[in-house]
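Below: one structure, written as structure tokens.
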Amino acid sequence: MDNTFKIAELLVKDSEDLVHKAVGGWIRHAGIKGKTQLLSFLDKHAATMPRVMLRYAIEKLRTNEKAHYMKLAKPETF
Numbered sequence: 002m003d004n005t006f007k008i009a010e011l012l013v014k015d016s017e018d019l020v021h022k023a024v025g026g027w028i029r030h031a032g033i034k035g036k037t038q039l040l041s042f043l044d045k046h047a048a049t050m051p052r053v054m055l056r057y058a059i060e061k062l063r064t065n066e067k068a069h070y071m072k073l074a075k076p077e078t079f
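Numbering follows this note's numbering, with no gaps: position 63 of the sequence shown is 64.
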């Protein structure tokens with residue numbers, strides 16, 4: 002599980018949408034057994050990580066936790 006978050010650290014700035022989805026899914030799944038690690042990762046990266054990655058990562062969190070991390074997220078620019 003630790004390796005999942007280490008790899009996610011390396012890929013959090015990747016430019017590919019499919020990587021965003023994959024990494025978000027990995028950390029969401031790892032967060033099932035390691036919620037503390039997931040929340041720690043999100044505390045560190047939610048404000049700057051790609052929105053799609055964030056949405057995938059917070060999918061299983063409680064509503065109030067999702068809202069908290071979405072507020073931290075940077076607005077998307079087009």
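A virtual CB, placed ideally from N, CA and C, is assigned to each residue, including glycine.
Terminal residues of the continuous alpha helix (DSSP H) containing residue i?
i	result
Met2	Counting along the chain, Met2 falls outside any alpha helix (DSSP H), and DSSP gives it neither H nor E.
Lys67	Thr64 to Leu73
Ala58	Arg52 to Ala58
By how many angstroms is the C-alpha of residue j removed from the C-alpha of residue i?
i	j	result
Ala23	Thr64	22 Å
Val13	Met50	6 Å
Leu39	Leu73	15 Å
Trp27	Ser41	15 Å
Lys61	Arg29	7 Å
Phe6	Ile59	14 Å
Gly35	Ser16	26 Å
Asp18	Glu66	24 Å
Taking DSSP as the reference, what is the three-state secondary structure of residue i?
i	result
Ser16	coil
Thr37	helix
Ala31	helix
Lys22	helix
Within this structure, are the beta carbons of residue i and residue j separated by less than 8 Å?
i	j	result
Gly25	Met71	no
Ala31	Met2	yes
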